[in-house]
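From first to last, the protein sequence lines are chains A and B. Numbering-wise (the numbering used here), the first sequence opens with residue 267 and increments by one. Numbering-wise (the numbering used here), the second sequence opens with residue 2 and increments by one. We treat Cβ as the ideally placed atom computed from N, Cα and C, and that holds for glycine.
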Amino acid sequence: MSGARPRNFALLASLTVAVVFVASFLVGFILLPQTQQNARGGWWQAMCRAAGFVQSGPLDTRIAPPALSSVVVPTALTQTGTPEQIGRGATLSLRCTMCHGAAGLSAADSPNLAGQYADVVYKQLRDYQQGARANVVMTTLASTLSEQNIVELSYFYAYLPRAGTHAALRDAPALVRVGDPMRNIAPCGSCHSDRSRKAGAPWLNGEPSAYVEKQLQAFHSQARRNDVNADMRNVAQHLKPEEISALANYYAGLAP
Amino acid sequence: MYSARRLVLAHFWAAFIVFFVAIVFGEWQMFVRSPWHAWIDIPEHYYRSVTGHGTALAYVFPTLIAMGFGYSISETSLKRPLLGLKWAWIAFWLLMIGAAMAVGAVATGSASVLYTFYPPLIASPFYYLGVVLVVVGSWIWVALMALNLHAWRKEHPGHAVPLAMYANVAGAFLWAWTAVGAALEILVQILPVALGLRHTIDAGLARVLFSWTLHAIVYFWLMPAYIAFYTIVPRAIGGRLYSDTMARLSFALFLVFAMPIGIHHLFADPQVGSGFKFIHTVFTGMVAVPTLLTVFTICASVEIAARLRGGRGLVGWLKALPWENPAMLAPALSFVMLGLGGAGGLINMSYQLDSTIHNTQWITGHFHLIFAGAIVIMYFVIAYDLWPHLTGRALISHGAMRLQLWLWFIGMIIMTLPWHLAGLIGMPRRMAYFDYSNAAIAPEAWTVMAGVVGGALVVLSGALFLLILLRGQRAPVGSLPEYRYSVALHPDAPVPKILNTFAVWVALMIALTVVNYGMPIGELLTLKTAVPAISVAR
């Protein structure tokens, strides 16, 4: 414990740390911000930017106070749109899918738009444009839409099939919702549902449970063989008897 | 033997039981997300499990190990009974009550916010109060460590503090200061919202405050492992510690550089200025210095042991090492994982490279490799080394210990390396399920399956570890020599005063915190940005 000139060690350690700090400060606050592509102003402004100070003031996210609605819904919206209008609406809707979902069903607690009446979507979008309804996201997005765009979007969402509620989706058996990948069972819902349908796949909601059960058993035992590409036989051969009964009961219990 | 024996045993048993339950949940998480299991029906169950796993293994387990090991170091290195034994028991029970509160809140589903809290998510107040109790308990330990060192110094004026105690107190001081960030976040920001007094929260400020704790906490976990590298391994394999000075310098540098670097967790955060992100990158680079010093010193110490045992040649001495000794095998495996994990860490801390792996499974792979791999494997060594002295009974099953360490190492490698790859090909972290039928996601499926296999080996290793300790508790009572720490190559070399005290290092730690965190926190305080809180409590 002799400790030759301990004071110098303390000074040395502090100086080393200070040098590292000053060097990284010079690079991080002076050199790098000045070499950035979007660098504006002199070194002082570059330094402020690097420190995180907002230069131009915060973006104006305030929305004008709501005015009274003055939307007049075109009578054409009481009818369905042409395939061209619906198709253009589908393209336009790609801006909406982040919140309202790819099929108009939201996973983000935004409203579901699938199957919404055309006049409703039209009126709300126009209200956002005119300030009768205010929302930071919707007001901004709606502001660039033309009258034609809004009509097409309204037709598109009215055209999309409505879905069951989230609660109904949650309560469906796992085999219906997600299947059982490890047993090579595809979800029933991927072909037999109101959200997606495969050609030739029947509507099952409300079918008698005894009938559905018997047909699944027939696919299971290969007694029934008229399914396209043996899709149903492939699925049913892995189903256990109690799963077949449960599925039959589930579909029988749904509103037709 | 020593008076804190029961206390240390209580800490270790509590720690390892919590540890084992939590890794079983970890394995379950890997399994339900793998293609071997259908999509999880209720994703909330997954997040509940992740929160429990993280809370138990990030807060409760390493804190108990650091505390138990710390009490043991205080008695065995200072060679005097622990002062404040009663307070130590109070701290232990505070920790137990806190852990029970936090885990209880998680188990009932009212705290599925993950262990990093993630405001604006708000859990039941019991969860946060539980975490606060864990921290308060650990602060009592910090005070006791400082108190015991102070008492020893008074009795031994002018003497060099034993290395183990110097490192132990460095770890305690680091933890005391680093816990302040998360404590401020919980007490000032989160609890008022959780108690219903406020309804909005500044999530950006919360993230900055948490980052204050988030990175240095890793070094708090790491301290016991590094203490074992320096003070247990050379002695256990019959060598000498190459340099006592280098060891002290490493621990002092951890104190300085571990703390003011947390903003490298916030590279994607728009509310923090890029200049500060760069400075934190540089200081994160600096924290590699004590780790590299350690790798060098320990390798040199091990070489001394090999040459003392007759090893020759440039690399031929490696064969002369006592590989059958768990205390030799574990640090070697630990260094492999530390090397791989450290290389990955250099990518995480680089402002630009981070953007490729930010919030992907790469990160999960990284911290499992470093903490669960390199660090926890040394916790096993600490337990194996201390157990005979705690129980008075010998641990003789060296074969089982080696098997346990190998299983842990192989399991960790099989689990974490594919995780890194999964991150590189774009798999995000914190996902409850994956749609492997999606052609873009299908190539990631095998990485999760590898995780299940690796995780199974890890759980097996954990079970074997508990069995070995249990068998040790039942072995016949024997007589043991006094517990010793490594002796330095030049044991009488003078210790510079600066490496025998903490004042300069603590001052530097606080000063760097002020310059590296002061302005980012000040800016957010004046901006007053806040978002509505989202309660997950039921």
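For the stretch 78 to 92 of chain B, the set of residues with a beta-carbon nearer than 9 angstroms to any beta-carbon of chain A is empty.
Residues of the stretch 398 to 424 of chain A with a Cβ closer than 8 angstroms to any Cβ of chain B: none.
When Cβ-Cβ separations below 8 angstroms define contact, residue 448(A) makes contact with chain B. The Cβ atoms of residue 214(B) and residue 183(B) sit closer than 8 angstroms to each other.
Straight-line spacing of the CA atoms in residue 398(A) and residue 407(A) works out to 15 angstroms. Per the C-alpha coordinates, the member of 319(B), 72(B), 438(B) and 533(B) positioned closest to residue 35(B) is 438(B). Taking the Cα positions, residue 18(B) is about 14 angstroms away from residue 64(B).
Between the stretch 329 to 342 of chain B and the stretch 265 to 279 of chain B, the count of Cβ pairs shorter than 8 angstroms is below three; the stretches do not touch. For the stretch 267 to 278 of chain B, the set of positions with a beta-carbon nearer than 8 angstroms to some beta-carbon of chain A reads 272, 273, 274, 275, 276, 277 and 278 in chain order.
For residue 465(B), the uninterrupted alpha helix (DSSP H) segment begins and ends at 446 to 475. Under the 10 Å beta carbon count, residue 420(B) is surrounded by 16 or more other beta carbons and is classified as buried.
At a cut-off of 8 angstroms between C-beta atoms, residue 299(B) does not count as an interface residue with respect to chain A. The beta-carbon separation of residue 499(A) and residue 485(A), rounded to 5 angstroms, stays under the 8 angstroms limit for a contact. The C-beta distance from residue 414(B) to residue 121(B) rounds to 37 angstroms, too long to fall under 8 angstroms, and the pair is not in contact. Using a C-beta cut-off of 8 angstroms, the stretch 256 to 263 of chain B makes contact with the stretch 277 to 284 of chain B, since at least three inter-stretch Cβ pairs fall below that distance. Residue contact check for residue 286(A) against chain B: a CB pair falls below 8 angstroms. In this structure residue 396(B) is in contact with residue 473(B), their Cβ atoms being roughly 4 angstroms apart against a cut-off of 8 angstroms.
For a Cβ distance threshold of 9 angstroms, residue set 279, 280 and 283 of chain A lies close to residue 509(B), ordered along the chain.
Listed in chain order, the non-local C-beta contacts of residue 351(A) below 6 angstroms within the same chain comprise 418 and 421, local neighbours out to five positions each way being set aside.
Comparing C-alpha distances from residue 171(B) to each of 339(B), 508(B), 537(B) and 203(B) shows the shortest one belongs to 508(B).
The beta carbons of residue 475(A) and residue 518(A) sit closer together than 8 angstroms.
Spanning the alpha carbons of residue 340(A) and residue 356(A) requires a straight line of approximately 20 angstroms. Nearest C-alpha to residue 491(B) among 178(B), 305(B), 366(B) and 212(B): 305(B). For residue 278(B), the uninterrupted alpha helix (DSSP H) run begins and ends at 275 to 287, by DSSP. Secondary structure of residue 305(B) (DSSP, three-state): helix. Residue-level contact by beta carbon fails for residue 220(B) and chain A, as no gap is shorter than 8 angstroms.
One finds 279, 280 and 283 in chain B with Cβ atoms closer than 7 angstroms to the Cβ of residue 290(A), taken in chain order. Under the Cβ criterion of 8 angstroms, residue 299(A) is counted among the residues facing chain B. Non-local beta-carbon contacts of residue 328(B) in its own chain, meaning distances under 7 angstroms to residues more than five positions away in sequence, involve 233, 234, 237, 238, 382 and 386 in chain order. In the pairwise beta carbon analysis, the stretch 107 to 115 of chain B is classified as not touching the stretch 85 to 93 of chain B: fewer than three pairs are separated by under 8 angstroms. For residue 316(B), the three-state secondary structure derived from DSSP is coil. Within the same chain, Cβ atoms closer than 8 angstroms to the Cβ of residue 453(A) are found at 441, 442, 443, 444 and 445, the five residues on either side in sequence being excluded. Under the three-pair Cβ rule at 8 angstroms, the stretch 389 to 405 of chain B counts as touching the stretch 475 to 483 of chain B. Across the set 152(B), 310(B) and 189(B), the C-alpha of 310(B) shows the shortest separation from the C-alpha of residue 324(B). Every candidate beta strand (DSSP E) stretch fails here, since none sits fully inside the stretch 304 to 388 of chain B while reaching 3 residues. Look at residue 293(A): its C-beta is under 8 angstroms from a C-beta on chain B.
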